[in-house]
Ligand SMILES: [Zn+2]
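Numbering (this note's numbering), first residue to last: 3 to 174.
Quick look at the structure:
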């Protein structure tokens, strides 16, 4: 079931999300939250990833949009209890926005490479190293699970122009 994206100002976005016991990952409750996250993310033209608190669930889960990958069925789209185990010292200021901070954009300093440990939707643990957009997503989404929003860290934070917003809404 698709749900509304929770907007900045709501408490759930500022809480530390709950750890999920690995044995409970395959429970109906967690599986239905994961489904709702995929469906809710798919409603957002500019959405590349979403964290569970953004649909009102304070659990340590984030999901990534399948359209980012050529063969999404071979990729990890679900990250449960994710932690960043290493991140590069080398950083870059990158342009960011957030589905929960409409309609703001700003630049955030992020590591260029990250390695994450997480469980997948079947309850299997995996390790993933990434650079580029995926490394960026790791950091933005794991921040969400700690109650941190990009606006807390951003420089040159500003409201998008109506034209920019229209571009997003009319895309696809
Ligand atoms: Zn976000």
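For each residue, glycine too, the CB sits at the ideal point set by N, CA and C.
In this text, all values refer to a predicted model and were calculated from it rather than measured experimentally.
Open item on the list: Let me confirm a value: residue 87 is counted as buried when at least 16 other C-beta atoms fall within 10 Å, else exposed. Which label applies?
Closed with: exposed
Task: Counted within 10 angstroms of its Cβ, other Cβ atoms place residue 97 as buried (16 or more) or exposed - done: exposed
- [ ] In the DSSP assignment, find the unbroken beta strand (DSSP E) run with residue 94 in it and report its ends.
- [x] 93 to 98
Open item on the list: Taking 9 angstroms as the threshold (C-beta atoms), are residue 120 and residue 84 in contact?
Closed with: yes
Open item on the list: Following a CB-centred definition, is residue 97 positioned closer than 8 angstroms to any heavy atom of ligand 1?
Closed with: no
Task: Closer than 8 angstroms: residue 146 CB and nearest ligand 1 heavy atom - done: yes
Open item on the list: Judging by CA-CA distance, which residue of 36, 167, 68, 125 is the nearest neighbour of residue 4?
Closed with: 36
TODO: Determine the contact status of residue 167 and residue 123, defining contact as a CB-CB distance below 9 angstroms.
DONE: no
- [ ] May I ask you to report which of helix, strand or coil DSSP gives residue 1?
- [x] Outside the shown range of the chain (3 to 174) lies residue 1, about which nothing can therefore be said.
- [ ] Examine the Cβ distances between the stretch 136 to 148 and the stretch 51 to 61 and report whether three or more of them are shorter than 8 angstroms.
- [x] yes
- [ ] From the DSSP output, in three-state form, read off residue 42 for me.
- [x] helix
TODO: Express the C-alpha separation of residue 99 and residue 157 in angstroms, rounding to a whole number.
DONE: 12 angstroms
- [ ] Spatial neighbours of residue 19 within its chain, please: CB distance less than 7 angstroms, with the 5 preceding and 5 following residues excluded, ordered by chain position.
- [x] 54, 55, 60, 61, 62, 147
Open item on the list: Is the separation between the beta-carbon of residue 76 and that of residue 110 shorter than 9 angstroms?
Closed with: no
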